[in-house]
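>
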Amino acid sequence: MKIFRTKQTLQNYLDGMRESKQRIALVPTMGALHEGHLSLVKDAQQIADVVVCSIFVNPTQFNDPSDLEKYPRPEENDLRLLQEIRCDVAFIPTVEEMYPKTEESWHLDLGNLEQVWEGEKRPGHFQGVTQIVYKLFRLVEPDVACFGQKDFQQVMVIQRLIDIKKLPITLHICSTVRNEKGLALSSRNMRLSAAGKDKALALYRSLNHVKRYFKVRELNTLRKEALDILHQEGEIEVEYLTICETRSLQEIDHIDPAKRHVALLVAWVEGVRLIDNMLLD
Ligand code: PAF
């Protein structure tokens, strides 16, 4: 596996790949890699000739400086994991490499996507995400970019970025990887006890319930039943549970058969904020 730490060396390498007509896929990550990230790389390997996995803890998407400071950076382990699955390229730049100017302005009109759910809870977060992803897109010029369905709103935001900037990039959405019981994999799960992990399975049960009865129940009743499943478990604090249209993430009050729908859920277990979702159609 090639490891690059500067934009120039990565670009030189990728120029050669493009000259020999290789299809390039980009998998952007912030490191602390787990099976979920590795499955993105494995998906990318199926659809491209060269897979670039970037590892960069992006400061502009953090609202809380202490969160940024505490974010794990197990570089050696990350590189080992990528090597084991034969990823072609790891790109690990410094903050100075990605943000050479200390003051850099960036704003993208994300419309409603920035006003609701994660956008509302984490002001400025998606501006930071699009800022770094756009830099990576311009640098790598991938044919395909792979993102996990687990961060559903982020995927919609990236699609908006691609549309607004008219980029010739196909967005590949990779299914959420779950453990054998259904818990969506996340680096945050490490902070849950074994009992907490069992409790957190109620998120999956609740989302499955919404999916199963989506077409047959009145929506308010369905939402209430899904919340009951979470509350029955005890010690789960629900931040939001909503049924939305997939593109705008506008909450719906009736099903439009011409549109696609998703249930989004955020809940706290043992002080850990867990995020999950399920496509309903
Ligand atoms: O999902 C993430 O890990 C980050 O938001 C991303 C897309 C790598 C941008 O920093």
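Residue numbers (the working numbering): -4 to 276.
Just so you know, even glycine gets a beta-carbon here, dropped at the ideal spot from N, CA and C.
1. Thinking C-beta only, is SER182 closer than 8 Å to ALA27?
2. How big is the Cα-Cα spacing for ASP251 and PRO69?
3. Given a cut-off of 8 Å on the beta-carbon distance, is the pair CYS239 and GLU246 in contact?
4. Sort out for me which residues DSSP pairs MET273 with in a bridge.
5. Taking GLN149 as the reference, which of ARG117, ILE(-2), GLU220, LEU180 has the closest Cα?
6. With a threshold of 7 Å, establish whether the CB of ASN184 neighbours any heavy atom of the ligand PAF.
7. Mind checking LYS308: buried by the 16 CB within 10 Å criterion, or exposed?
8. How about GLN56: is its Cβ closer than 7 Å to a heavy atom in the ligand PAF?
9. Say yes only if the C-beta of PRO23 is nearer than 7 Å to one or more non-hydrogen atoms of the ligand PAF, and no if none qualify.
10. Roughly how many angstroms separate the alpha carbons of LYS2 and PRO88, rounded to a whole number?
11. What's the C-alpha gap between ILE270 and MET12?
12. Please report how far the alpha carbon of ILE124 lies from the alpha carbon of HIS204, in whole angstroms.
13. Is ILE159 helix, strand or coil by DSSP?
14. CA-CA distance, LYS16 and GLN41?
15. What is the DSSP secondary structure of LEU76, counted as helix, strand or coil?
16. Would you mind reading off the limits of the beta strand (DSSP E) that contains GLN49?
17. Skipping 5 residues on each side, what residues in its chain have a beta carbon closer than 6 Å to that of SER170?
18. Is GLN40 near the ligand PAF - that is, is its Cβ less than 7 Å away from at least one heavy atom of it?
19. Got a sec, what are the start and stop residues for the beta strand (DSSP E) GLY143 sits in?
20. Residues in the same chain with beta-carbon distance under 6 Å from LYS206, minus the five sequence neighbours each way, listed in chain order, please.
21. So if DSSP puts ALA20 in a beta bridge, which residue, or which two residues, is it bridged to?
22. Is the beta carbon of GLU234 closer than 8 Å to that of VAL261?
23. From HIS226 to GLY31, what does the alpha carbon distance come to, in whole angstroms?
Well, looking at it:
1. yes
2. 45 Å
3. yes
4. ALA258
5. ARG117
6. no
7. Look at the range of the chain in this structure, -4 to 276, and you will see that residue 308 is not part of it.
8. yes
9. yes
10. 8 Å
11. 37 Å
12. Looking at the sequence itself, residue 124 is Val, so the reference to Ile does not match. Their backbone Cα atoms lie some 32 Å apart in a straight line.
13. helix
14. 16 Å
15. helix
16. For clarity, residue 49 is Ser in the given sequence; the question names Gln instead. Start and end: 45 to 50.
17. GLN144
18. no
19. 139 to 143
20. MET273, LEU275
21. VAL46, VAL139
22. yes
23. 27 Å
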